Amino acid sequence: MQKEVKIEKKRKPKGYFERFNHKEVVLTLITGQKLMEKLHTSRYNKYDVLLEFNGRRILIPKHSILYMAEVEKGE
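Pasting the structure below:
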């Protein structure tokens with residue numbers, strides 16, 4: 040009588056910034072500037088995020104972000 044052992048792969052929990060990947064967000068920087076654009080993250084670069092402005096992407100260091108909120112689209 041052998042017991043079957045079921046091994047489940049546990050998913051790695053998403054990081055804070057990965058939850059907002061490819062979504063419209065409002066970033067408030069440490070300097071007080073507010074930026075409202077689409078956020079992109081990369082699993083290869085864990086220290087920076089990209090914001091998309093008019094088809095161009097700019098690099099924002101994560102340590103310069105004070106707080107962030109997702110933009111809710113009104114219907």
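Residues 40 to 114 in our numbering are what the sequence shown lists, from first letter to last. Ideal placement from N, C-alpha and C gives every residue a C-beta, glycine not left out. Because the structure is a prediction, the values reported are computed rather than measured.
Checklist entry - Between the C-alpha atoms of VAL88 and ILE69, what's the straight-line distance to the nearest angstrom? => result 15 angstroms
Checklist entry - In angstroms, rounded to a whole number, what distance separates the CA positions of MET78 and GLY71? => result Residue identity differs from the one stated: residue 78 is Leu in this sequence, not Met. About 18 angstroms.
Item to check | Of the residues ARG95, ASN84 and LEU90, the one placed nearest GLU76, counting alpha carbons only | outcome: LEU90
Next on the checklist: At the level of alpha carbons, what is the spacing between PRO100 and LEU66?
Outcome noted: 12 angstroms
Item to check | Residue from ARG96, ASN93 and LYS73 whose Cα sits closest to the Cα of ILE104 | outcome: LYS73
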